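Below is one structure; the comments refer to it alone.
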Amino acid sequence: MEIIKHLIDFILHIDKHLADIISQYHTLTYLILFIIIFAETGFVVTPFLPGDSLLFAAGALIAAGNTGLNIYLLALILIVAAFVGNTVNYMLGSYLGPKVFKENNKVLKLDYYLQTKAFFDKHGGKAVIFSRFVPIIRTIAPFVAGVGRMPFLRYSIYNIVGGASWIIIFLFAGYWLGTVPFFKEHFSLVGIAIILVSVIPAFIAAFKSRKKVA
Numbered sequence: 001m002e003i004i005k006h007l008i009d010f011i012l013h014i015d016k017h018l019a020d021i022i023s024q025y026h027t028l029t030y031l032i033l034f035i036i037i038f039a040e041t042g043f044v045v046t047p048f049l050p051g052d053s054l055l056f057a058a059g060a061l062i063a064a065g066n067t068g069l070n071i072y073l074l075a076l077i078l079i080v081a082a083f084v085g086n087t088v089n090y091m092l093g094s095y096l097g098p099k100v101f102k103e104n105n106k107v108l109k110l111d112y113y114l115q116t117k118a119f120f121d122k123h124g125g126k127a128v129i130f131s132r133f134v135p136i137i138r139t140i141a142p143f144v145a146g147v148g149r150m151p152f153l154r155y156s157i158y159n160i161v162g163g164a165s166w167i168i169i170f171l172f173a174g175y176w177l178g179t180v181p182f183f184k185e186h187f188s189l190v191g192i193a194i195i196l197v198s199v200i201p202a203f204i205a206a207f208k209s210r211k212k213v214a
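This is the structure in structure tokens:
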């Protein structure tokens, strides 16, 4: 329960926590952010990591100055992290298959798998790209692609396009908008809005899929 509280606090005040990380670790922040983005996309058990908000916050803090970080270098590092993470996740899916998702599993919920499968059914291979912009789905999608034995070369093309698009859009959105007074004063609300707008399409797709099955 304590872990959940800390996670919620981190998400709601991600700009302040990230600023603390930067001031304490300086250029090691590149490595820390690499690990977070890699973990969110690379391990099917970590769908709760706040990738969208983290990218937006990183861009905003760099725009504000005094971080010592370079926005273009960070973008390149995180694109690599996203690509490698998704590749690892795809390979896990190829090896383990869908049996790891169970109704009573608190982490690998069957609902997550069904939502992602509905997303794939609707968008096909392009789901690898679109899923990048949907929390939870983006963590499960590479696994499902691996389970479905999507050709690796085809998957890799979608993977690099989706990963690069996701990193560039959210990182530079933060860089360009993060210094605007409204966004600075209501950063927590902006973070929540990003999550809600991202998640809603996935739940709609999953709901429609369940209705068809019923």
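When the count follows the UniProt record's numbering, it moves up by one through the sequence shown with no breaks and lands on 214 for the last residue.
Glycine included, every Cβ here is placed at the ideal spot set by N, Cα and C.
All of these numbers come straight from a predicted model, not from anything done at the bench.
- The beta-carbon separation of residue 56 and residue 170, rounded to 5 Å, stays under the 8 Å limit for a contact.
- With fewer than 16 other Cβ atoms from the protein chains shown falling within 10 Å of its own Cβ, residue 65 counts as exposed.
- Within its own chain, no residue has a Cβ closer than 8 Å to the Cβ of residue 24 once the five positions on either side in sequence are excluded.
- DSSP, reduced to helix, strand and coil, places residue 91 within a helical segment of the structure shown.
- Non-local C-beta neighbours of residue 37 in its own chain, meaning closer than 7 Å and more than five positions away in sequence, comprise 51, 78, 81, 82, 85, ordered along the chain.
- Secondary structure at residue 69: coil, using DSSP grouped into helix, strand and coil.
- Comparing C-alpha distances from residue 68 to each of 152, 138, 17, 28 shows the shortest one belongs to 28.
- Judged by DSSP in its simplified three-state form, residue 163 adopts helix.
- Residues 14, 18, 33, 36, 37 of the same chain have their beta carbon placed closer than 8 Å to that of residue 54, with the five preceding and five following residues left out of the count.
- Here residue 136 carries a coil assignment [DSSP, helix/strand/coil].
- The criterion of a C-beta distance shorter than 8 Å is satisfied by residue 144 and residue 93.
- Residue 144 carries a helical assignment under DSSP once its states are collapsed to helix, strand and coil.
- Under the DSSP assignment, residue 128 falls in the alpha helix (DSSP H) whose first and last residues are 127-130.
- Exclusion of the five residues before and after residue 22 leaves 29, 61, 67, 68, 69 as the residues of its chain whose Cβ lies within less than 8 Å of its Cβ.
- With 16 or more other CB atoms across the displayed protein chains lying within 10 angstroms of its CB, residue 74 is buried.
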